[in-house]
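*Asks:* My questions all concern the structure below.
Residue numbers (the working numbering): 357 to 653.
Here you go:
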């Protein structure tokens, strides 16, 4: 068998500046992800640590470090570097999963898209957990935002897409608005003022997405907003009923509309655009908007 990668990539075109990914069956029969990069292909397992490697006989370096910290053991610099490697791996995989989900949406394969969107959101959460631990161990302040802004933005966008695919339009609005608020808090914590935050492409997109969903699905108030209003008006009977509806999710779950309009990747700012918007403004202490952790964006 030839080891030449040209045999793998010859029929896989990828335009400059675009992200391309696919899922294939591995030699052991398991499904694996492939992410096309400029000079080759990255191959990752669909679940667990992307490279499938255990760390000190545990599923990941994150698990190892968490156990060490619980036991009061020292965490070595090697362990921290391995955590940083995992951040890069999970970030690559969330990119691949998002692309595959977008492709499935274009083919109207909503169940398949939903599964990949769930995995992409999961991997973003895995990145954020690891970044938090690395920052604590490196004793880095919040001013070094690293990957956080683009991860928070994409989590909101993808989680909202997932809720739309599931027919949970109320929650889709909440996901977009919550992500916009979290992103705004982060940017303000590194010195951006309200006007700069309002101009941020990620915040703008998430707010516009929420507004469009409210109009499209005729939801002037989400269940959470109705609950907040009921509590403020001391209408505790209505509040109790709304809590139950939120808890069960029954009110938000409906079959996807025939003209399902899931926000597409091409309408959102790209990772590169998102990072570049305030790259210089967040560089006061040597850490840029992209940060040193952003090897995999």
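The beta carbon of each residue, even a glycine, is placed where N, CA and C say it ideally should be.
Extract the residue ranges of the alpha helix (DSSP H) inside the region 494-570, only unbroken runs of 4 or more that lie entirely within it.
*Replies:* Qualifying alpha helix (DSSP H) stretches, in chain order: 504-521, 525-545 and 550-555.
*Asks:* Which whole-angstrom value describes the C-beta separation of residue 490 and residue 431, a residue pair presumed to lie in contact below a C-beta threshold of 8 Å?
*Replies:* Residue numbering aside, residue 490 sits at position 134 when the chain shown is read from its first letter. Residue numbering aside, residue 431 sits at position 75 when the chain shown is read from its first letter. At roughly 10 Å, the Cβ-Cβ gap does not stay under 8 Å, so residue 490 and residue 431 are not in contact.
*Asks:* Mind checking whether residue 452 and residue 390 have CB atoms under 9 Å apart?
*Replies:* By 1-based counting over the chain shown, the position of residue 452 is 96. By 1-based counting over the chain shown, the position of residue 390 is 34. Yes, these two residues count as a Cβ contact at 9 Å.
*Asks:* Using the C-alpha atoms, what's the distance from residue 396 back to residue 371?
*Replies:* As a working mapping, residue 371 is identified with position 15 in the chain shown. As a working mapping, residue 396 is identified with position 40 in the chain shown. So the two alpha carbons sit approximately 13 Å from each other.
*Asks:* How many angstroms separate the CA atom of residue 486 from the CA atom of residue 471?
*Replies:* Your numbering for residue 486 matches position 130 in the chain shown. Your numbering for residue 471 matches position 115 in the chain shown. Cα-Cα distance, rounded: 23 Å.
*Asks:* Going by beta-carbon coordinates alone, are residue 454 and residue 439 separated by less than 9 Å?
*Replies:* Numbered from its first residue, the chain shown carries residue 454 at position 98. Numbered from its first residue, the chain shown carries residue 439 at position 83. The answer is no: Cβ separation not under 9 Å.
*Asks:* Enumerate in chain order the residues of its own chain whose CB-to-CB distance from residue 566 is below 6 Å, with the five nearest sequence positions on each side excluded.
*Replies:* Locating residue 566 in the chain shown gives position 210, counting from the first residue. Taken in chain order, the residues that qualify are 529, 532 and 533.
*Asks:* Would you mind stating whether residue 562 and residue 516 have Cβ atoms separated by less than 9 Å?
*Replies:* Stepping through the chain shown from its first residue, residue 562 is reached at position 206. Stepping through the chain shown from its first residue, residue 516 is reached at position 160. Taking 9 Å as the Cβ cut-off, residue 562 and residue 516 qualify as a contacting pair.
*Asks:* From residue 518 to residue 473, what distance separates their C-alpha atoms?
*Replies:* Along the chain shown, one-based indexing puts residue 518 at 162. Along the chain shown, one-based indexing puts residue 473 at 117. Cα-Cα distance, rounded: 6 Å.
*Asks:* Kindly list the residues whose CB is nearer than 6 Å to the CB of residue 457, restricted to its own chain and excluding five residues on each side of it in sequence; keep chain order.
*Replies:* Position 101 of the chain shown, counting from 1, holds the residue named residue 457. Closer than 6 Å at Cβ, skipping near neighbours: 469, 472 and 473.
*Asks:* Mapping the DSSP letters down to three states, classify residue 463 as helix, strand or coil.
*Replies:* In the chain shown, the residue the question calls residue 463 occupies position 107. Reduced to three states, the DSSP call for residue 463 is coil.
*Asks:* Just to confirm the assignment, what range does the alpha helix (DSSP H) spanning residue 421 have?
*Replies:* Indexing the chain shown from 1 puts residue 421 at position 65. That run of the alpha helix (DSSP H) goes 417-427.
*Asks:* Less than 8 Å separating the Cβ of residue 485 from some heavy atom of the ligand HEM?
*Replies:* Absence of the ligand HEM from the depicted structure is noted, as is the absence of any ligand whatsoever, leaving it without description.
*Asks:* With 16 other CB atoms within 10 Å as the buried threshold, where does residue 348 fall?
*Replies:* The requested residue 348 is not part of the displayed model; the chain covers only 357 to 653.
*Asks:* Could you round the C-beta distance between residue 583 and residue 598 to whole angstroms and report it? I think they count as a contact, below 8 Å.
*Replies:* Looking up residue 583 in the chain shown gives position 227. Looking up residue 598 in the chain shown gives position 242. Contact holds; Cβ gap of about 4 Å.
*Asks:* If I measure Cβ to Cβ from residue 402 and keep anything under 8 Å in the same chain, skipping five residues before and after, which residues do I get?
*Replies:* Here residue 402 corresponds to residue number 46 of the chain shown, with the count starting at 1. Correct list, in chain order: 379, 386, 387, 388, 389 and 475.
*Asks:* What's the call for residue 527, buried or exposed, on a 16-neighbour Cβ count within 10 Å?
*Replies:* Along the chain shown, read from residue 1 onward, the residue named residue 527 stands at position 171. Per the 10 Å Cβ criterion, buried.
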